[in-house]
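Participant: Residue numbers (my numbering): 867 to 1205. A single structure is presented below for examination.
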């Protein structure tokens, strides 16, 4: 089951990335494919106001992505954290949660919660890395949900293609899962057994021993340097993305007419037309570094993010150039001094 899930996620990221790469090939014979994919990706200002509203939804539905992501990421985080605390501790801990472990270990009452005997120390470490990545993702989706509700000012006429809407729902389901997919079969089994025991015995009859909150946190402090370097990169990207989103929100606030648009300035807008996309790439690059750059699934996730955002940023840059004669020519689409 575990390998099946990992394979499915990898195939999904490849299947999502390849069409974008093909559409980005500068070949006249592929223009029809490029235009078709671009039609699915357009939203907001890049979607022509005169175009049909068929198969579109309001752009404010972006909040659905982050509401789903918050609920799903929180569930994965709590389930994986509880599993790791009971089955994958990096150091020995006193016996606790005796009734749960007795059930999970087939009735044995002598199991000490220092991790499953069959789990190697490297596997336990990778499990806690997954928890660290989920914590970062939780911070990301909570911030994006807040910004979607309180920072962005979506025009009532702003639309996005329904294909893009479903792509967003898929992304925010698959991305958090990709951060912890190597342990999901064990985590789901642990969680289901716990729920079954709770149903059978009831909360009052489940004899929980003492547990230490420090035990939930201390393994995270044992993570290697790459985890903290990745977290620093993640934070750097998050700060700049929030600043750029705030600038875009103020642009909408300052519009005299709802269909107008003005050139945004400030922060990374000095260098590129879509700095919030650039910051998103930095954020997922931080997750990749924090994960140790050794997981193929994370590389494929990162590849999809880069391909998708570069493709969208190129269209946004072309829109700015068509819209404004005085648009800053020193700006690039998404990568400073390169593209």
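Note that the Cβ used here is the ideal one computed from N, Cα and C, for glycine as well. Just so we're clear, the structure is a prediction, and the values are computed from it rather than from any experiment.
(1) What is the DSSP secondary structure of residue 924, counted as helix, strand or coil?
(2) For residue 882 and residue 1100, which I take to be in contact (beta-carbon distance under 8 Å), what is that distance rounded to the nearest angstrom?
(3) Which of helix, strand or coil does DSSP assign to residue 876?
(4) Please classify residue 1195: does DSSP put it in a helix, a strand, or coil?
(5) Since residue 990 is in the beta strand (DSSP E), which residue starts that stretch and which ends it?
(6) Excluding the five sequence neighbours on either side, which residues of its own chain have a C-beta within less than 8 Å of the C-beta of residue 1035, listed in chain order?
(7) Express the C-alpha separation of residue 950 and residue 1080 in angstroms, rounding to a whole number.
(8) Is residue 909 helix, strand or coil when you go by DSSP?
(9) When burial is assigned at 16 or more other CB atoms within 10 Å of the CB, is residue 1003 buried or exposed?
(10) So, residue 942 versus residue 1046, is the Cβ gap smaller than 9 Å?
(11) Residue 916 to residue 1023, Cα distance in whole Å?
(12) Taking DSSP as the reference, what is the three-state secondary structure of residue 1205?
(13) Buried or exposed for residue 925, going by 16 or more other Cβ atoms inside 10 Å?
(14) Buried or exposed: residue 889, going by 16 or more other Cβ atoms within 10 Å of its Cβ?
(15) Does the distance from the C-beta atom of residue 1140 to that of residue 1199 stay below 9 Å?
(16) Closest by CA to residue 1096, which one among 874, 1192 and 1152?
(17) DSSP has residue 1138 in a bridge; who is on the other side?
(18) Once you ignore the five residues that flank residue 972 on each side, which residues in its own chain have a CB closer than 7 Å to its CB?
(19) Which residues in the same chain have their Cβ closer than 8 Å to the Cβ of residue 1111, if we skip the five residues on either side of it in sequence?
(20) Taking buried to mean at least 16 other C-beta atoms within 10 Å of its own C-beta, is residue 1093 buried or exposed?
(21) Drop a sphere of 10 angstroms on the beta-carbon of residue 1042, count the other beta-carbons inside from all chains shown, and report buried for 16 or more, exposed for fewer.
(22) Can you tell me which of 1025, 1104, 1203 and 921 puts its alpha carbon nearest to the alpha carbon of residue 1148?
(23) What residue range is occupied by the uninterrupted alpha helix (DSSP H) comprising residue 1177?
(24) Let me check one thing: in DSSP terms, what residues is residue 1050 bridge-paired to?
(25) At which residues does the alpha helix (DSSP H) containing residue 1086 begin and terminate?
(26) Cα-Cα, which of 1040, 1108 and 1082 is closest to residue 1166?
Facilitator: Walking through what the data contain:
(1) Note: residue 924 maps to strand in three-state DSSP.
(2) Not really, about 22 Å apart at Cβ, beyond 8 Å.
(3) helix
(4) DSSP, reduced to helix, strand and coil, places residue 1195 outside both helices and strands of the structure shown, so it counts as coil.
(5) Note, residue 990: premise wrong, no beta strand (DSSP E); alpha helix (DSSP H) at 987–1016.
(6) 930, 931 and 934
(7) Our two residues, residue 1080 and residue 950, have alpha carbons roughly 13 Å apart in a direct line.
(8) strand
(9) buried
(10) Between residue 942 and residue 1046, the C-beta gap is smaller than 9 Å, which places the two residues in contact.
(11) Because residue 916 carries a pLDDT of 45, less than 50, the predicted location of this residue cannot be relied on, and the following value inherits that uncertainty. Each residue's alpha carbon lies about 11 Å from the other.
(12) coil
(13) By the 10 Å Cβ count, residue 925 comes out buried.
(14) Classification of residue 889: buried, given that the 10 Å Cβ count is 16 or more.
(15) Taking a C-beta distance under 9 Å as the contact criterion, residue 1140 and residue 1199 qualify as a contact pair.
(16) 1152
(17) 1198
(18) Below a pLDDT of 50, predicted positions are generally treated as unreliable, and residue 972, at 47, falls in that range; the measurement from the model is reported next regardless. Cβ neighbours of residue 972 beyond the five flanking positions: none.
(19) 1013, 1017, 1018 and 1142
(20) buried
(21) Within a 10 Å sphere around the beta-carbon of residue 1042 sit 16 or more other beta-carbons, which makes this residue buried.
(22) 1104
(23) Taken as a continuous stretch (DSSP letters only), the alpha helix (DSSP H) holding residue 1177 covers 1162–1189.
(24) According to DSSP, which records beta bridges pairwise, residue 1050 is partnered with nothing at all.
(25) That residue, residue 1086, is in no alpha helix (DSSP H); it is neither H nor E in DSSP.
(26) The shortest C-alpha separation from residue 1166 is found at 1040.
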